[in-house]
Amino acid sequence: MNLDQFTREEGQLARRYEYDDATVMAVDFGTEATEASVDVVDDTVIIVIADDQYEIDLPDSVEDAHTFIKNGVLTVELEDER
Numbered sequence: 008m009n010l011d012q013f014t015r016e017e018g019q020l021a022r023r024y025e026y027d028d029a030t031v032m033a034v035d036f037g038t039e040a041t042e043a044s045v046d047v048v049d050d051t052v053i054i055v056i057a058d059d060q061y062e063i064d065l066p067d068s069v070e071d072a073h074t075f076i077k078n079g080v081l082t083v084e085l086e087d088e089r
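Letter by letter, the sequence shown follows residues 8 to 89 of this note's numbering.
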């Protein structure tokens with residue numbers, strides 16, 4: 008699922024920031040998600056919050072992705088191919 012579909016279906020607040028050599032996505036899961044986990048498997052970001060799992064597909068042009076979640080806000084930093 009891409010970020011637009013994810014935010015529409017789940018009602019999450021999300022932002023996407025475009026830079027010259029990278030893209031940053033931020034998704035606010037709310038304060039209940041403070042004990043969430045996040046991982047990148049192949050081209051998919053997987054977020055687990057309690058018994059729920061969410062997946063965000065990464066664009067094909069991404070060479071490297073860094074993820075972290077703090078205070079219920081997921082941040083995905085994507086480095087584009089050069």
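We put the beta carbon where it would ideally sit given N, CA and C, even for glycine.
Continuous beta strand (DSSP E) stretch holding residue i: start and end
{"i": "residue 43", "result": "It is not in any beta strand (DSSP E) - residue 43 carries neither H nor E in the DSSP assignment."}
{"i": "residue 25", "result": "20-25"}
Proximal residues to residue i (C-beta, below 7 Å), its chain only, five neighbours per side dropped
{"i": "residue 8", "result": "Here the model assigns residue 8 a pLDDT of 43, short of 50, so the residue's position is not dependable, and the following value carries that caveat. Excluding positions up to five away in sequence, the list reads 62, 63, 64."}
{"i": "residue 38", "result": "79"}
Test item: CB-CB of residue i and residue j under 8 Å
{"i": "residue 33", "j": "residue 80", "result": "yes"}
{"i": "residue 72", "j": "residue 47", "result": "yes"}
{"i": "residue 31", "j": "residue 74", "result": "no"}
{"i": "residue 41", "j": "residue 78", "result": "yes"}
Outcome for residue i when other beta-carbon atoms lying within 10 angstroms are tallied against a minimum of 16
{"i": "residue 83", "result": "buried"}
{"i": "residue 20", "result": "exposed"}
Residues near residue i in its chain [Cβ-Cβ closer than 8 Å; skip 5 each side]
{"i": "residue 60", "result": "53, 54"}
Distance cut-off 7 Å: residue i Cβ against heavy atoms of the ligand FAD
{"i": "residue 79", "result": "You won't find the ligand FAD in this model; it holds no ligand whatsoever."}
Contacts around residue i, its chain only, beta-carbon distance under 6 Å, and the 5 residues preceding and following it disregarded
{"i": "residue 86", "result": "29, 70, 71"}
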